[in-house]
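Chains as they are written, first to last, in full-length UniProt numbering: chain A, 1 to 657; chain B, 1 to 657. Just so it is clear, CB atoms sit at the ideal spot from N, CA and C, and this is done for glycine as well. Quick notes on the structure that follows.
There are 2 protein chains.
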Amino acid sequence: MSMDPIQIGYMPPADKITADNVINLVMYGQTKAYDFVVSPINSPNYSRVLFPGESSQSPALVAWRAGQEAFKPEDLVLRTADRTDYIVGTLSDWQDFDSPDARVRLHSELALKQQFNWAAHLGLGGVMLPYPPSTQPLTNYGRVLTGSLSMLAYTSCWFKVPCMDEILEADVSEDLQGMESWERWNSLRNMAGSESKLGIALELSGAVPSDQVLDRWFAEPVKAIILSEDIFLTNSKGYPVLSKRHQHVVRKFMKYKPAFILTSSSLPKLVLDEFSDDSLEQSLASPHADYIRYLHRTQEAPGVIDQFATGYQDYLQAPLQPLQDNLESSTYETFEKDPIKYQQYELAVERALLDRPVPTDGKPDVTVIMVVGAGRGPLVNCSLRAADKAGRNVRVYAVEKNPNAFVTIQNMKANLWGDRVTIVFSDMRTWKAPEKADILVSELLGSFGDNELSPECLDGAQKFLKPDGISIPADYTAFVAPMASNKLHADVSAFKDLAHFETSYVVMFKAISLLAQPKPIWTFEHPNWTDIPMGQDPLSNHHNIRSGSIEFTSETSGMLHGVAGYFESVLYKDVMLSINPVTHSPGMFSWFPIYFPVKTPLYIPTGAKVMLDFWRLTDVRKVWYEWRVRCSVDGVGEISSTALHNVGGRSSSIGLY
Amino acid sequence: MSMDPIQIGYMPPADKITADNVINLVMYGQTKAYDFVVSPINSPNYSRVLFPGESSQSPALVAWRAGQEAFKPEDLVLRTADRTDYIVGTLSDWQDFDSPDARVRLHSELALKQQFNWAAHLGLGGVMLPYPPSTQPLTNYGRVLTGSLSMLAYTSCWFKVPCMDEILEADVSEDLQGMESWERWNSLRNMAGSESKLGIALELSGAVPSDQVLDRWFAEPVKAIILSEDIFLTNSKGYPVLSKRHQHVVRKFMKYKPAFILTSSSLPKLVLDEFSDDSLEQSLASPHADYIRYLHRTQEAPGVIDQFATGYQDYLQAPLQPLQDNLESSTYETFEKDPIKYQQYELAVERALLDRPVPTDGKPDVTVIMVVGAGRGPLVNCSLRAADKAGRNVRVYAVEKNPNAFVTIQNMKANLWGDRVTIVFSDMRTWKAPEKADILVSELLGSFGDNELSPECLDGAQKFLKPDGISIPADYTAFVAPMASNKLHADVSAFKDLAHFETSYVVMFKAISLLAQPKPIWTFEHPNWTDIPMGQDPLSNHHNIRSGSIEFTSETSGMLHGVAGYFESVLYKDVMLSINPVTHSPGMFSWFPIYFPVKTPLYIPTGAKVMLDFWRLTDVRKVWYEWRVRCSVDGVGEISSTALHNVGGRSSSIGLY
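So, in structure tokens, the structure goes:
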């Protein structure tokens with residue numbers, strides 16, 4: 001398969017493909033501009049290896065069982081390694097791994113191994129495995145697969161799964177559709193372990209799944225989408241198109257860049273016949289594939305966040321350690337480009353300025369604004385613009401501890417700001433301010449609100465805030481939600497140590513699914529005159545301890561691989577910043593969510609209660625989070641729980657100095 | 001505490017012990033021959049550190065929070081390190097870790113840390129933690145404990161837990177008693193992780209728990225049993241005794257060697273008063289402690305199995321690899337001492353001989369017995385004795401592959417057996433027998449029946465068995481049961497790798513609890529004329545593949561730490577060997593059960609279905625087991641499952657050569 005951004009394959013009815021016409025199928029696929037074709041590996045003749053009715057001592061059976069008998073030519077559809085990189089092979093469907101008959105089980109297993117071996121030998125583009133009828137258990141199938149995947153080496157392996165189970169489609173409750181097939185896949189995947197190379201070929205049918213059913217698949221390794229040509233409609237010009245609802249589903253999946261496989265219920269004439277010169281007239285690209293390509297081309301242009309996020313999706317980043325490390329220039333530059341964040345800050349400062357009473361006692365109208373953690377100066381610019389808009393006089397202080405950023409600030413003062421701005425090279429917590437501020441402006445928030453130590457920094461800065469002074473931001477609230485993400489959990493597992501399971505990561509989420517909507521867990525407000533004596537440093541950091549036990553009801557069943565964290569912040573009155581998906585500030589890209597993994601994923605049944613226990617803890621040197629997850633079911637009680645993660649900050653913490 | 005086999009401590013009412021009389025308590029304990037006493041660490045005065053009503057900026061509060069204020073003398077009952085090895089300290093009970101008041105939570109945590117620090121400094125014999133009212137969550141308590149245990153270094157830590165919850169004792173359903181307190185302990189332990197050093201001080205009350213409730217505690221780290229003097233009765237001679245049912249409970253626990261702690265509701269006069277010469281008259285050992293010591297002395301003499309098992313209890317042994325390694329002489333010697341096993345073999349051979357028709361055609365009445373895997377000869381002796389008893393002539397062959405054991409056999413033949421026995425140095429699978437056998441006798445069974453490759457060995461040996469010949473054993477069946485054992489799981493975890501979780505162990509079970517009674521999973525029968533051509537070697541080993549998915553209903557909730565495996569074998573007709581606890585051959589000690597661990601323990605709710613999936617698999621070089629566990633609840637579906645263990649025998653297998 002080429003590196004084309006969208007891969008489209010063609011799968012004819014398996015029973016129509018033979019060793020004689022498979023080369024026609026390849027030519028047809030190429031003529032019609034498909035990226036690959038799907039063909040059975042074996043002919044129906046291969047079902048002979050069930051040896052029906054034969055004695056278990058028959059020489060042929062014995063030889064085959066002992067691996068001493070190769071495929072006969074008539075067993076195979078794919079007989080040579082010719083163009084096999086263009087072919088995805090499917091397994092025989094008479095194989096029955098969970099048959100009550102021990103011989104059928106054994107022979108199915110031996111046949112699978114022979115087929116995998118052959119697929120690897122041929123170098124097939126991929127192998128696709130059949131989905132057994134939902135009345136059958138997957139116990140032995142799962143065991144056989146788990147033990148055989150390594151035989152495929154570089155050949156990818158797709159398990160064909162219906163997005164919704166046929167038997168359930170008749171069900172009255174639409175919400176339940178698609179449960180069964182996901183549950184079966186999940187059971188198989190849990191058996192194989194989350195690091196397994198097994199992917200999914202998801203079969204969409206005429207019935208359109210609800211978003212709830214779809215969401216869950218997004219957290220799974222969906223490598224291909226199977227679409228029957230039969231579900232296409234014909235538009236007024238005679239071209240095949242999808243219904244609005246199918247378009248919606250296909251477009252949603254396109255974000256995850258699966259291959260598409262188009263199936264037809266009859267074999268195209270060009271595959272049946274020999275190719276002749278006449279055939280060339282028919283050699284136009286498949287209109288169905290063209291339509292999928294059209295949908296792909298005309299996807300909504302990625303928003304500014306998506307553009308920014310390219311390359312970051314599902315990539316685990318360690319959160320910043322802003323008090324220990326100095327940011328690099330490029331980091332400042334990236335964040336300064338956020339089109340929304342500084343607009344909101346400017347608005348917040350403007351509103352705050354307008355709310356400050358104009359002195360009536362004849363004193364000069366000057367509002368003192370201190371920007372603490374000024375970086376390269378964007379909030380100073382915001383403050384000056386806001387003052388201009390509000391028509392108020394300001395005296396701005398820009399306080400910054402990073403010597404590199406301070407170089408830029410010095411240039412800004414010399415070339416742009418002049419006397420309106422006083423620049424100060426200091427940690428805000430230790431600065432001896434020459435006067436007190438009316439407004440304290442800062443941008444110290446992390447993805448979880450307080451995780452870059454905004455509370456501790458502002459506690460130190462508020463001693464130079466007037467008693468009626470304003471902090472922008474005024475508050476921030478951390479949000480949590482239980483989430484599924486096979487990929488992120490596998491990536492953390494790959495480190496093979498406990499410490500990485502006890503660390504939080506900043507991640508642009510992609511292949512994830514929330515099991516419930518985020519809920520607030522704790523809030524910090526500034527200034528904090530209750531815990532910190534006016535004009536003094538905080539007496540200890542105990543007032544910045546937080547804890548919360550938040551209960552969620554899972555709307556669907558799913559695997560819990562960790563906790564998604566977000567924040568909402570009130571900058572000033574109704575001027576907000578939010579990365580909570582429910583209230584996300586449109587277009588703001590400065591923060592990705594945060595991911596708290598759990599070491600052992602928990603299965604969450606539909607309607608179960610998920611309890612997230614979170615702590616923000618502190619000692620004199622550092623701040624850290626601890627967390628654990630519990631799941632309970634009404635009438636049963638607690639059914640599972642994780643250990644406490646990151647006890648005493650043993651694996652991850654944010655340094656106070 | 002000394003190394004005495006039973007440790008008995010005394011715990012007076014905590015509110016009666018002060019810094020002034022604690023030395024009296026120590027002297028009282030010593031006079032009354034207790035091994036330790038239990039005393040509060042702190043006086044009620046220490047509750048001042050909640051700083052009720054005080055401003056959070058009060059200097060005293062601030063200093064204490066910052067760890068800058070030591071205990072005041074009046075805070076402490078235990079003020080010096082005098083005799084502290086004789087004292088177990090209890091924590092203040094005003095501490096409330098899950099209070100809705102953040103200050104109470106914080107101050108309780110800081111107080112616990114100050115107390116742990118002090119306990120470690122004093123070198124207390126132990127620390128006992130209070131059990132919070134069952135209306136309170138244990139979320140923050142668990143977090144605080146988990147994070148603080150390491151402060152105690154060598155001081156042991158016991159969490160006081162009632163065996164049955166008070167509120168549930170009033171419940172109509174007696175079966176449910178004791179659920180709640182175990183559930184709460186389990187939730188706390190799961191939070192702390194199974195490697196935690198936290199032990200249990202289990203409080204028995206007047207109500208006697210059912211065996212079902214007790215059983216579950218046996219799989220937990222119960223380090224002490226707390227018995228109130230109030231639950232003792234007075235016998236006709238005026239001495240304190242326990243009721244029959246309490247005796248039963250206490251004796252059951254004694255097997256696990258916990259300490260005992262006797263509590264009284266009033267302070268003995270000797271502790272209240274200064275010691276005087278008069279006091280010496282009263283200095284007789286406590287009659288309550290004496291009674292417990294009496295129960296300890298008069299425990300049933302350990303049976304032959306227990307005697308044999310000393311030192312093996314809960315010790316993980318790798319199963320034998322009989323085809324790869326030769327047994328050592330001492331191993332033979334140990335197993336030959338089994339009083340039951342060879343008695344059963346002798347009986348089986350005798351019955352089989354009696355069932356053989358006496359030739360009526362004038363041919364001589366000689367039955368050919370072949371002992372395959374003769375070892376040092378015990379089954380040869382059994383066969384000869386059986387022949388004498390049955391009054392039948394026999395010709396015995398003793399086939400052995402171990403050159404060291406063969407030396408012994410040679411001596412046996414020279415000195416004892418003479419012409420009745422032909423000895424053969426060979427692997428039974430490759431021996432060319434000079435004639436065919438009437439009876440094939442072997443002792444190749446492992447703890448799981450087939451796990452020492454009895455099926456493969458006998459398959460090879462049956463080619464020299466007559467068509468109507470008999471195999472002793474005739475069959476063997478593997479049994480499995482879901483089990484809890486905190487200790488065994490922690491011991492496997494300690495290896496810190498996957499391979500040890502994917503290995504089975506032969507273990508003399510002690511601190512374990514079965515979640516349901518064992519069930520049969522598969523059977524092997526000999527001879528096997530169906531799969532193996534008469535007089536030939538087996539064509540492959542596929543016929544020795546087995547699999548089973550066995551469902552259990554858990555009678556109580558519990559943690560599943562793995563699977564217990566046993567076997568039952570029919571030697572001949574109704575002559576059996578069994579290590580299945582339900583049918584265990586009385587007095588037979590040759591086999592301990594087998595333990596299949598699971599990597600991630602599963603919580604099993606009461607009434608849940610546990611499904612054990614097991615496979616016995618084979619390739620040309622080896623035999624291995626794969627397993628996984630699933631748990632489901634009616635109306636909810638599958639709630640948890642483990643990964644497939646030992647895929648392809650990657651971690652453990654039994655070599656065929």
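Item to check | CB contact below 9 angstroms: Met191 (chain B) versus chain C | outcome: The structure shown contains no chain C; its protein chains are A and B.
Next on the checklist: Here's a check: name, in chain order, each residue in its chain whose Cβ is nearer than 8 angstroms to the Cβ of Leu327 (chain B), leaving out the five neighbours to either side.
Outcome noted: Leu320, Gly375, Asn402 and Ala405
Checklist entry - Relative to the ligand SAM, is the shortest distance from any of its heavy atoms to the C-beta of Ser134 (chain A) smaller than 8 angstroms? => result Judged by which ligands are present, the structure shown has none, so any question about the ligand SAM falls away.
Checklist entry - Can you list the residues of chain A that Ala643 (chain B) reaches, using a CB-CB cut of under 7 angstroms? => result Asn190, Met191 and Gly193
Checklist entry - Helix, strand or coil for Glu174 (chain A) per DSSP? => result Only weak support is given to the placement of Glu174 (chain A): the predicted model assigns it a pLDDT of 44, under 50, and the value that follows is read from those uncertain coordinates. In this structure, DSSP gives Glu174 (chain A) a helical state, which the three-state scheme calls helix.
Item to check | Members of the region 627 to 657 of chain A that neighbour chain B once the beta carbon cut-off is set at 7 angstroms | outcome: Within the region 627 to 657 of chain A, the residues whose Cβ lies closer than 7 angstroms to some Cβ of chain B are Arg628, Val633, Val636, Gly637, Glu638, Ile639, Ser640, Ser641, Ala643, Leu644, Val647 and Gly648, listed in chain order.
Checklist entry - Excluding five sequence neighbours on each side, which residues of the same chain lie with their C-beta closer than 8 angstroms to the C-beta of Lys197 (chain B)? => result Only Leu149, Leu152, Ser156 and Cys157 meet the Cβ criterion.
Next on the checklist: Going by C-alpha to C-alpha distance, which of B:Gly391, B:Arg385 and B:Glu443 sits closest to Val421 (chain B)?
Outcome noted: Distance from the Cα of Val421 (chain B) is smallest, within the candidate group B:Gly391, B:Arg385 and B:Glu443, for B:Arg385.
Checklist entry - Can you name the start and end residues of the alpha helix (DSSP H) that Leu270 (chain B) belongs to? => result Lys269 to Leu272
Item to check | Short-range partners of chain B found in the region 541 to 553 of chain A, where Cβ spacing is below 8 angstroms | outcome: His542, His543, Ile545, Ser547 and Ser549
Checklist entry - For Asp459 (chain A) versus Ile532 (chain A), is the C-beta spacing smaller than 9 angstroms? => result In contact: Asp459 (chain A) and Ile532 (chain A) (Cβ atoms closer than 9 angstroms).
Checklist entry - So, is Asp101 (chain B) buried or exposed, given that buried needs 16 or more other C-beta atoms within 10 angstroms? => result exposed
Next on the checklist: Once the 5 residues before and after Pro605 (chain B) are set aside, which same chain residues still bring their CB inside 7 angstroms of it?
Outcome noted: Ser557 and Val633
Item to check | Contact set between Asn140 (chain B) and chain A, taken where Cβ atoms lie within less than 7 angstroms | outcome: Result: Ser547.
Item to check | Endpoints, the alpha helix (DSSP H) within which Asn140 (chain A) is located | outcome: Thr139 to Ser148
Next on the checklist: I want to see whether chain A comes within less than 9 angstroms of Gly147 (chain B), judged by CB atoms only; does it?
Outcome noted: yes
Checklist entry - Is any beta-carbon of chain B found at less than 9 angstroms from that of Pro473 (chain A)? => result no
Item to check | Contacts of Ser56 (chain B) in chain A (Cβ-Cβ under 7 angstroms) | outcome: Asp531
Item to check | For Val506 (chain B), the nearest candidate out of B:Gly89, B:Leu445, B:Pro258 and B:Ala348 (CA to CA) | outcome: The residue from B:Gly89, B:Leu445, B:Pro258 and B:Ala348 with its alpha-carbon nearest to that of Val506 (chain B) is B:Leu445.
Checklist entry - What do you get for Met534 (chain B), buried or exposed, if any count of 16 or more other CB atoms within 10 angstroms of its CB means buried? => result With fewer than 16 other Cβ atoms within 10 Å, it is exposed.
Checklist entry - Of all Cβ atoms in chain A, is any one closer than 9 angstroms to the Cβ of Arg429 (chain B)? => result no
Next on the checklist: Whether or not the region 598 to 615 of chain B and the region 346 to 354 of chain B are in contact is what I'm after, with contact meaning three or more pairs of Cβ atoms, one per stretch, closer than 8 angstroms; do they touch?
Outcome noted: no
Checklist entry - Whose Cβ in chain B lies nearer than 7 angstroms to the Cβ of Asp497 (chain A)? => result Those do not exist, as Asp497 (chain A) stays about 10 angstroms from chain B at its closest Cβ, beyond 7 angstroms.
Next on the checklist: Taking a contact to mean a Cβ-Cβ separation below 9 angstroms, would you say His526 (chain B) touches Pro581 (chain B) in this structure?
Outcome noted: No, Cβ-Cβ distance for His526 (chain B) and Pro581 (chain B) is not below 9 angstroms.
Next on the checklist: Just list the residues that DSSP pairs Asp613 (chain B) with in beta bridges.
Outcome noted: B:Ser549 and B:Arg628
Next on the checklist: Please report whether the beta-carbon of Pro133 (chain A) lies at a distance below 9 angstroms from any beta-carbon of chain B.
Outcome noted: no
Next on the checklist: Using only the alpha-carbon positions, how far apart do Leu124 (chain B) and Thr263 (chain B) sit?
Outcome noted: 19 angstroms
Checklist entry - If Tyr595 (chain A) sits next to Ser513 (chain A), beta carbons under 8 angstroms apart, how far is it from one beta carbon to the other, in whole angstroms? => result Rounded, the Cβ-Cβ distance is 13 angstroms, inconsistent with contact.
Checklist entry - Given a limit of 8 angstroms on CB to CB distance, which residues of the region 36 to 66 of chain B reach chain A? => result Ser56, Gln57, Val62, Arg65 and Ala66
Item to check | Leu320 (chain B), DSSP secondary structure in three states | outcome: coil
Item to check | chain B contact residues for residue 709 (chain A), given Cβ-Cβ distances below 9 angstroms | outcome: Chain A is shown from 1 up to 657; residue 709 (chain A) falls before or after that span and cannot be answered.
Checklist entry - Given Met370 (chain B), which residues of its chain have a CB within under 6 angstroms of its CB, disregarding the five upstream and five downstream residues? => result Tyr397, Ala437 and Leu440
Checklist entry - Which residues in the same chain have their Cβ closer than 8 angstroms to the Cβ of Pro5 (chain A), if we skip the five residues on either side of it in sequence? => result Lys257 and His296
Next on the checklist: Helix, strand or coil for Thr80 (chain B)? Go by DSSP, reduced to three states.
Outcome noted: DSSP places Thr80 (chain B) in coil when its eight states are reduced to three.
Checklist entry - Are the C-beta of Tyr312 (chain A) and some C-beta of chain B separated by less than 9 angstroms? => result no
Checklist entry - What separation, rounded to the nearest whole angstrom, lies between the Cα atoms of Lys389 (chain A) and Arg143 (chain B)? => result 51 angstroms
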